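The sequence shown runs 4 to 119 under the working numbering. We put the CB at the ideal spot given by N, CA and C, even for glycine. This one's a predicted model, so the numbers in the text were calculated from it and none came from an experiment. Below is one structure, written out as structure tokens; the observations come after it.
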Amino acid sequence: MRVFVTGATGYIGSALALSLLEEGHEVRALARNPDRGSFLEARGARVVPGDLGDPASLDRLCEGTEAGFHLAGWVKASGSPADYEEANVAGARRVFEAALRAGVRRVVFTSSAGVL
């Protein structure tokens with residue numbers, strides 16, 4: 004199955020992406036810094052440069068995928084409340100909107116308690 008993963012260069016996201024690759028899935032991994040995704044690329048993932056604030060990169064990430072895993076977000080409460088809301092609420096909304104535009108059938112959303 005072709006899937007996308009946001010947060011794929013983070014602790015949980017990288018473990019998920021590697022597990023999906025080992026199971027034979029085709030993985031697209033969103034990365035703000037593509038160099039940080041090189042370990043995934045070396046194992047067969049396609050790294051898509053972009054971030055949660057860039058709808059065009061999210062469209063590229065989701066296009067042609069059947070399912071997705073949204074794990075990206077801020078876990079630290081640093082910065083302003085507006086920055087935190089942008090990353091964790093508006094960013095998630097943009098991922099879901101891109102998935103809808105691409106016809107993705109299922110998205111699994113995982114987050115920290117800090118987002119609540």
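Distances from the CA of Gly76 to each of Leu103, Thr9, Val51 were compared; the closest alpha carbon is that of Thr9. Per the Cβ contact rule, the stretch 38 to 46 is not in contact with the stretch 96 to 106 (fewer than 3 Cβ pairs under 8 Å). A straight-line Cα-Cα distance of about 8 Å links Met4 and Thr68. For Val111, no alpha helix (DSSP H) segment is defined; the enclosing uninterrupted segment is the beta strand (DSSP E) at 109 to 112. Val6 is a Cβ neighbour of Ala70, given a cutoff of 7 Å.
Distance from the CA atom of Glu66 to the CA atom of Ala105, rounded to whole angstroms, is 5 Å. Taking the Cα positions, Val50 is about 14 Å away from Asp62.
Beta-carbon to beta-carbon, Ala11 and Ala34 are separated by about 7 Å, close enough to satisfy the 8 Å threshold.
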